[in-house]
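A short write-up of the structure that comes next.
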Amino acid sequence: MGTATFPFPHHKTPALFVVLSGPSGAGKSTLMQAFVEQYPEFVRCLSVTTRPARGTERDGTDYIFVSDQEFADRVDRGQLLEHAQVFGKHSYGTPRSFVEEHLAIGRSVIKDVDVQGAFTIRGTFPGALHIFVVPPNRAEIESRLRSRGTEEEESIRRRLSEADRELTVWDRYDYLIINRDIAQAVRDLSVIVAAERMRVRRA
Ligand code: 5GP
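Residue numbers (the working numbering): 21 to 223.
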């Protein structure tokens with residue numbers, strides 16, 4: 021009897037590109053942070069942004085903060101996998117080399133983007149796993165945005181009205197996580213990742 025492992029292709033665990041999107045205030049950054057702490061086989065991809073740092077945010081830890089000119093140069097040089105202007109104000113983008121280089125060496129990558137970014141990635145990276153993260157209700161979005169203590173009233177209003185629009189696209193995602201509590205959301209995400217690793221067919 022043959023004892024060699026059956027040559028099922030999914031025995032070889034693929035590196036995953038996990039894309040989280042959902043409205044501002046859904047808890048995506050907190051979820052990503054908590055997830056990579058528990059699952060170090062994942063690396064978090066930082067975004068490049070023209071938005072100024074807020075509160076305790078640090079360049080190279082929370083975001084890669086750049087000028088408008090530097091951002092435009094990166095776009096021109098094709099260095100961003102996707103980029104979008106979020107809330108009609110600041111630009112955000114995903115560094116292409118970070119994602120490609122980590123996936124190439126078998127490291128899984130996790131990244132958060134707004135819904136426009138997620139749609140772009142569907143076109144450029146068909147194998148990405150798209151997860152929509154939502155808070156349990158609207159009041160929770162508002163209280164999370166306010167509890168940051170760094171957001172101006174106008175920015176909170178804009179983020180809330182954008183959230184209403186963004187919530188309508190949830191059914192175009194692979195999975196939905198309702199973020200009631202962070203520990204549960206991390207467990208939900210780990211279950212999704214575990215299932216993906218056993219998936220037979222991929223796009
Ligand atoms: P914030 O200013 O609150 O940090 O982020 C605002 C929104 O921009 C969030 O919904 C966040 O997910 C999104 N975002 C962060 N990085 C990127 C990125 O690289 N690309 C896109 N398209 N959106 C991003």
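A virtual CB, placed ideally from N, CA and C, is assigned to each residue, including glycine.
A quick note: this is a predicted structure, and the numbers were derived from the prediction, not measured.
Query, Result
"Residues with a Cβ closer than 6 Å to any heavy atom of the ligand 5GP, in chain order?", "S44, K48, S67, R71, E102, A104, V106, Y112, G113, T114, D132, V133, D134, Q136, G137"
"Between the C-alpha atoms of R185 and G22, what's the straight-line distance to the nearest angstrom?", "56 Å"
"Let's test the definition: count the other Cβ atoms within 10 Å of the Cβ of R164 and tell me whether it reaches 16, buried, or not, exposed.", "buried"
"Find out if the Cβ-Cβ distance for the pair Y195, I212 is shorter than 8 Å.", "yes"
"Could you work out which residue in G169, D208, R207 is closest to G45 when comparing CA atoms only?", "G169"
"According to DSSP, is S49 helix, strand or coil?", "helix"
"Using the Cβ count rule (16 or more neighbours within 10 Å means buried), how would you classify P155?", "buried"
"Report back the beta-carbon spacing between F85 and A73 to the nearest angstrom; my notes put them in contact at under 8 Å.", "6 Å"
"Please identify the residue among A24, L149, S128, E90 whose C-alpha is closest to the C-alpha of R221.", "L149"
"Based on the DSSP secondary-structure assignment, which residues constitute the bridge partners of E102?", "T114"
"Checking the sheet assignment: what are the DSSP bridge partners for K131?", "V39"
"Confirm, please, whether the CB-CB distance from L40 to I198 is below 8 Å.", "no"
"Which residue from F28, V38, G47 puts its Cα closest to that of D201?", "G47"
"Keeping to the same chain, check which residues put their C-beta closer than 7 Å to that of Q136; ignore five residues upstream and five downstream.", "A104"
"Does the Cβ-Cβ distance between L51 and L187 come in under 8 Å?", "no"
"For the alpha helix (DSSP H) holding R217, just list the boundary residues, first then last.", "202-217"
"With a cut-off of 8 Å on the beta carbons, I'd call E102 and T70 a contact; round off their distance for me.", "No, E102 and T70 are not in contact; Cβ-Cβ is about 15 Å, not under 8 Å."
"At what residues does the beta strand (DSSP E) containing L66 begin and finish?", "L66 -> no beta strand (DSSP E), and no H or E assigned at all."
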